[in-house]
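Worksheet for the structure shown next.
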Amino acid sequence: MPETKPVLMQGNEACAEGAISAGVRFYAGYPITPSTEVAERMAVRLPDIGGVFIQMEDEIASMAAVIGASIGGMRTLTATSGPGFSLKQENIGYAIMAEIPCVIVNVQRMGPSTGVPTAPSQGDVMQARWGTHGDHPVIVFSPASVYETYYLTVAAVNLSQKLRQPIILLLDEVIGHMREKVTIPKGSKLMVEKASDKVPADWKPYDDKGLTPLVPFGFGHYYHVTGLFHDQYGFPTGDPQQVERSLDRIHEKLEKYRDEVALTNYIGHKEPRVVIVTYGCTVRSARAVVKKAYWNNRQPVGLLSLQTLWPFPDKEVQEIAKKADVVIVPEMNMGQIIGEVERHVKGEAEVIPLNRYDGEMISPEQISDIMGRWLS
Amino acid sequence: MPHIWCPGCGNGIVTAALVRAIERADYDQRDVVIVSGIGCSSRAAGYLNFNTLHTTHGRALAFATGLKMARPELKLFVIMGDGDCSAIGGNHFIHSARRNIDLNAIVVNNHIYGMTGGQHSPLTPIGKKATTAPRGTLEREFNLLELARGAGATFGARGNAAQPRQLEQLITRGANHKGFSIVEALSPCPIAYGRRNKLGGPVDMMKELKENSISTERAAGKEESELKGKTITGVIFNYDEPEYAAEYYHSIGKDIPVKSSG
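Just so you know, the sequences run in chain order W and H.
Each residue of the first sequence is one higher than the last, beginning at 842 in the numbering used here.
Each residue of the second sequence is one higher than the last, beginning at -19 in the numbering used here.
This is how it looks when you write it as structure tokens:
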């Protein structure tokens, strides 16, 4: 077992540290509340370990610089909040299309627009899914603690490299600014594999046969990178067959690795009557309620927390909904993931919303009130 | 070679000048990266046998900044059109100049958005017509090189598609310059700009480009009245200032390899 040491850390700092542990050596960003601590931590840490920190002129440039650095072979990260996340969308789509790995952190704040910059919210769930134009696959993680932030950041960086797919970390203001104990494995390698220029002679950047590693620029493998639909070598095409194949290609890799990507956690009764499905900081209130109801009082309740929001953990939700009568979906928005829950529950259970959008967390009392009504 | 450019377009000439300049600069093929934005001229990237990066509209310099910082040993040429660079990409343009990062910007200025069919750009001369300025634009144009100089660029030159040898020399000098360099390449667009403004055919437009330009050497010592209506070509400014990527790597105690490894 590697030597471990517990440290007290903020969610945003844990995100930066997780990225560094996973080999991120390039950060480009633009200041925005409540994500700025990620940039500040990176600005202190990266120069000491031979990495690059650069504050760009705007959010769009930060996203572009991160993609550029990834093409150069570096592991990269950028962090922002709602307004900046909106600005980054076009280039996020580019990275998805061109299959350039990178991690985008959105520490959500209350919107729309400038909103309440310091108030927590979970209002960007659908923007994370559909923010950029066109049919595109996305991977979105949403941690519920500082500890989870650290490990999901590590997972995001590694999966992003493996799948050549940008990954979005959807934090919320509560998780980003909260301080908690994190146990970081000392001296252990959390990196899966390094980008390599050693590839088979017949390497193609967008091989029809499936996933191929990205060979960084500057190693004598000449190819084109574009946001246009492209052939196996990256060159633009408008041929309907190739266009369709190209779009299938970027979706298929997520389907193939679905089980590695869709992460959930269930606690509670084996045959629950009432199940809570939630994510991010709302998990914390729900956990308090379920712990009390199930562990202390043996009531038939459970909590399915979603670490992965997209691709939506459909199987896991279906499975639990078959057992339950009622699925409660608390969210700090006007109802976003609930549509997806309903779509997959398919009437197997009653789906009940619990929404709060005044810039305050959903309290355990709010959840236990609504749960109690369905238990009695 | 099949390409998307119209007959009479100057993009091919500028692209050829760039390729010859890379040869003149004696760079290894594997060290060269061509970055481009969106627009007619930016499609040049896809026609060149290097590592080529065709980015989003206006953002070529921002992508290039990330790549240069990650791999400072690479030689980056950034092809942009006038609208791409000075309108949607204006912010990245001035900040790349301010940082004095070692990128070689080549701005193909045909005074119009060609790919979308002829809308006015910030480099369309006042009074000229465009589909979105059917009565002639009322907007004043940028002086792109003075904008770059003011923002902190350390090398600025202007050439044109009618004088490709000079253009090739200017791009080579820009490449050899340590810091942010910009070469503005004036180029004819007979289809989307010339026709609407009754500037004649491709040959007339080429002729006019050549006749209206005067080199910095010849312009020196001439009265302002004599230079009226003339476009000055050649190296407009050239300063020696610290380059950003080199300064950054020096500050973290890391050496920049002379050539890429592998």
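Glycine included, every Cβ here is placed at the ideal spot set by N, Cα and C.
Given the structure is predicted, the values throughout are model-derived calculations rather than measurements.
Roughly how many angstroms lie between the CA atoms of residue i and residue j, to the nearest whole one?
i, j, result
"residue 242/H", "residue 1039/W", "Note that residue 242/H scores a pLDDT of 47, beneath 50, so its modelled location is shaky and nothing firm can be said."
"residue 231/H", "residue 849/W", "30 Å"
"residue 1071/W", "residue 192/H", "41 Å"
"residue 131/H", "residue 18/H", "23 Å"
"residue 950/W", "residue 1017/W", "10 Å"
"residue 998/W", "residue 1207/W", "36 Å"
"residue 94/H", "residue 977/W", "29 Å"
"residue 53/H", "residue 238/H", "6 Å"
"residue 144/H", "residue 1077/W", "28 Å"
"residue -18/H", "residue 1155/W", "47 Å"
"residue 941/W", "residue 50/H", "15 Å"
"residue 948/W", "residue 927/W", "12 Å"
"residue 1004/W", "residue 1101/W", "11 Å"
"residue 967/W", "residue 1048/W", "31 Å"
"residue -1/H", "residue 152/H", "10 Å"
"residue 2/H", "residue 120/H", "35 Å"
"residue 932/W", "residue 1022/W", "35 Å"
"residue 98/H", "residue 175/H", "10 Å"
"residue 82/H", "residue 200/H", "29 Å"
"residue 916/W", "residue 867/W", "6 Å"
"residue 1108/W", "residue 961/W", "25 Å"
Starting from the Cα of residue i, find the closest Cα among the options and give me that residue.
i, options, result
"residue 958/W", "1207/W, 872/W, 977/W and 1177/W", "872/W"
"residue 16/H", "10/H, 44/H, 29/H and 6/H", "44/H"
"residue 115/H", "100/H, 9/H, 30/H and 129/H", "100/H"
"residue 1185/W", "1205/W, 1160/W, 1201/W and 1209/W", "1160/W"
"residue 88/H", "110/H, 156/H, 96/H and 165/H", "165/H"
"residue 223/H", "135/H, -12/H and 153/H", "135/H"
"residue 1130/W", "1171/W, 1090/W and 1103/W", "1171/W"
"residue 218/H", "8/H, 78/H and 129/H", "129/H"
"residue 1163/W", "1149/W, 905/W and 1111/W", "1111/W"
"residue 907/W", "1133/W, 973/W, 929/W and 1087/W", "929/W"
"residue 1133/W", "1166/W, 1209/W and 864/W", "1209/W"
"residue 935/W", "864/W, 884/W, 1008/W and 921/W", "1008/W"
"residue 1011/W", "1203/W, 1188/W, 923/W and 1137/W", "923/W"
"residue 979/W", "1137/W, 1200/W and 1096/W", "1096/W"
"residue 1106/W", "1141/W, 913/W and 985/W", "985/W"
Run down chain W in chain order and give the residues with a C-beta less than 7 Å from the C-beta of residue i.
i, result
"residue 88/H", "What residue 88/H touches in chain W: nothing, since even the nearest Cβ is about 18 Å away."
"residue -2/H", "What residue -2/H touches in chain W: nothing, since even the nearest Cβ is about 16 Å away."
Starting from residue i, find everything on chain H with Cβ-Cβ shorter than 7 Å and list it in chain order.
i, result
"residue 1077/W", "26"
"residue 931/W", "36"
"residue 899/W", "71"
"residue 869/W", "46"
"residue 1054/W", "In chain order: nothing, as chain H lies at least about 14 Å away."
Secondary structure at residue i, three-state DSSP: helix, strand or coil?
i, result
"residue 242/H", "The predicted position of residue 242/H is uncertain, since its pLDDT is 47 and thus under 50; a value taken from the coordinates is nonetheless stated next. Of the three classes helix, strand and coil, the one that applies to residue 242/H here is coil, per DSSP."
"residue 1039/W", "coil"
"residue 225/H", "helix"
"residue 950/W", "coil"
"residue 1185/W", "helix"
"residue 842/W", "Because residue 842/W carries a pLDDT of 41, less than 50, the predicted location of this residue cannot be relied on, and the following value inherits that uncertainty. Coil at residue 842/W, not helix or strand."
"residue 1148/W", "coil"
"residue 210/H", "coil"
"residue 1217/W", "coil"
"residue 1007/W", "coil"
"residue 16/H", "strand"
"residue 933/W", "helix"
"residue 1174/W", "coil"
"residue 945/W", "strand"
"residue 1158/W", "helix"
"residue -10/H", "coil"
"residue 197/H", "helix"
"residue 140/H", "strand"
"residue 1130/W", "helix"
In chain W, which residues lie less than 9 Å from residue i when you measure between Cβ atoms?
i, result
"residue 29/H", "1063"
"residue 82/H", "What residue 82/H touches in chain W: nothing, since even the nearest Cβ is about 14 Å away."
Can you pull the chain H neighbours of residue i, defined as C-beta to C-beta under 9 Å?
i, result
"residue 909/W", "15, 33, 35, 42, 43, 44, 45, 46, 47, 48, 49 and 50"
"residue 884/W", "The premise fails here: residue 884/W is roughly 12 Å from chain H at the closest Cβ pair, so nothing lies under 9 Å."
Taking C-beta pairs closer than 8 Å, name the residues in chain W that residue i reaches, listed in chain order.
i, result
"residue 75/H", "897, 898 and 902"
Could you tell me which chain H residues have their CB closer than 8 Å to the CB of residue i, listed as they occur along the chain?
i, result
"residue 1220/W", "Within the shown structure, residues of chain W are numbered from 842 to 1217, placing residue 1220/W beyond reach of any answer."
"residue 860/W", "Here the premise fails: no neighbours, minimum Cβ distance about 15 Å."
### Query
Mind listing which residues of the stretch 1123 to 1157 of chain W have their C-beta closer than 9 Å to chain H's C-betas, in chain order?
none
#### Entry: Contact residues within the stretch 34 to 61 of chain H, judged by C-beta distance below 9 Å to chain W
34, 35, 36, 37, 38, 39, 40, 41, 42, 43, 44, 45, 46, 47, 48, 49, 50, 51, 53 and 54
### Message
Using a Cβ-Cβ cutoff of 8 Å, what residues of the stretch 218 to 236 of chain H are near chain W? List them in chain order.
### Response
228, 231, 232 and 234
### Task
Residues of the stretch 842 to 857 of chain W with a CB closer than 9 Å to any CB of chain H: list them in chain order, please.
none
### Task
Taking only beta carbons into account, state which residues of the stretch 6 to 17 of chain H come closer than 7 Å to chain W, listed in chain order.
Shown in chain order are the members of the stretch 6 to 17 of chain H whose Cβ falls below 7 Å from a Cβ of chain W: 10, 11 and 13.
### Cβ-based contacts, 8 Å cut-off: residues of the stretch 919 to 953 of chain W near chain H
931, 932 and 935
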